[in-house]
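K.L.:
The structure under discussion is supplied below as C-alpha cells; questions concerning it will follow.
Residue numbers (this note's numbering): 9 to 184.
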C-alpha cells in the first residue's frame, strides 16, 4: 500500500508543483506571439471551453467537493482492501474480495496526475478568481486556451485507458 500511495502522491505533487511554477511565469508578465500559437495570460472562469462560467463563485466550491470526494473515496476503498487483506492474514476463515484491484492500486500514476492537475486548477480559482491559462492555438482554427494542467489531465486519462486496455488484453490472453 505504501508503494501505491507513494506513486499517487509523487505524481500528484510533481504535476501540481510544475503547473503552478509555469503559471507563475505568466502571472509575472511573460508572453510570446507565434505564427501557430501564442503564450498569453488568460483567466478561465468556467471549465473546459468556459462551460459553466455562469455558476460564478459557486463553481470552485462544487469542484472542491468533487475533488475531495474522489480523493476520499479512492483512499477509503484502498484502505478498506488493505484492512481486509490484513484481517485475512490473521483470520484464515475471512476471505478477501477476489483478486480485483482497486482503482488506485491499478492506476495510481494516472489518478495522481489527474487529481494533481485538477487541484492546481482549483487553487487558481480560489487565488486568482479563475484558472490561469496561457497556451492559445490560433493557426487554421481557433482552439480553446489551455494550460499544462489541462494537458496533464488528458495524459492521465490516456494512461488509465491504456492500462485498462492492456490489462483487459492480458486477462483475455490468460483466459479470464
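Using N, Cα and C, we set each Cβ at its ideal position, and we do this for glycine too.
Computed from a prediction, not measured in an experiment: that's the story for all the values here.
Looking at C-alpha atoms only, which residue of 23, 176, 38 and 49 is the closest neighbour of residue 163?
P.N.:
Numbered from its first residue, the chain shown carries residue 163 at position 155. Closest by alpha carbon: 23.
K.L.:
From residue 83 to residue 114, what does the alpha carbon distance come to, in whole angstroms?
P.N.:
By 1-based counting over the chain shown, the position of residue 83 is 75. By 1-based counting over the chain shown, the position of residue 114 is 106. Residue 83 and residue 114: Cα-Cα distance of roughly 13 Å.
K.L.:
What would DSSP say about residue 139, mapped onto helix, strand or coil?
P.N.:
Here the question's residue 139 lines up with position 131 in the chain shown. Strand.
K.L.:
Whose CA, out of 26, 32 and 46, lies closest to the CA of residue 135?
P.N.:
On the chain shown, position 127 is the one that residue 135 refers to. Among 26, 32 and 46, the Cα nearest to that of residue 135 is on 32.
K.L.:
Rank 119, 28 and 54 by C-alpha distance to the C-alpha of residue 152 and give the top, closest one.
P.N.:
Position 144 of the chain shown, counted from the start, is the residue given in the question as residue 152. Minimum Cα distance to residue 152 is reached at 54.
K.L.:
Determine the direct distance from the alpha carbon of residue 159 to that of residue 127, and round the result to whole angstroms.
P.N.:
Position 119 of the chain shown, counting from 1, holds the residue named residue 127. Position 151 of the chain shown, counting from 1, holds the residue named residue 159. Distance between the alpha carbons of residue 127 and residue 159: 14 Å.
K.L.:
Residue range of the alpha helix (DSSP H) that residue 30 falls in?
P.N.:
The residue given as residue 30 occupies position 22 in the chain shown. Looking at the DSSP string, the run of the alpha helix (DSSP H) that includes residue 30 is 10–35.
K.L.:
Under the assumption that residue 161 contacts residue 125 (Cβ atoms under 8 Å), give the Cβ distance between them as a whole number of angstroms.
P.N.:
As a working note, residue 161 is residue 153 in the chain shown. As a working note, residue 125 is residue 117 in the chain shown. With 8 Å as the limit, residue 161 and residue 125 qualify as a contact, their Cβ atoms being about 5 Å apart.
K.L.:
Can you name the start and end residues of the beta strand (DSSP E) that residue 47 belongs to?
P.N.:
Taking the chain shown and counting its residues from 1, the one referred to as residue 47 is at position 39. Taken as a continuous stretch (DSSP letters only), the beta strand (DSSP E) holding residue 47 covers 45–52.
K.L.:
In three-state DSSP terms, what is residue 40?
P.N.:
As a first step, residue 40 is located in the chain shown; it is residue number 32 there, counting from the start. DSSP places residue 40 in strand when its eight states are reduced to three.
K.L.:
Give the DSSP-derived three-state secondary structure of residue 154 in the structure shown.
P.N.:
By 1-based counting over the chain shown, the position of residue 154 is 146. Here residue 154 sits in strand by DSSP.
K.L.:
Taking DSSP's pairing of strands, which residues face residue 145 in a bridge?
P.N.:
Numbered from 1 along the chain shown, position 137 holds the residue referred to as residue 145. In DSSP, residue 145 forms a bridge with 45.
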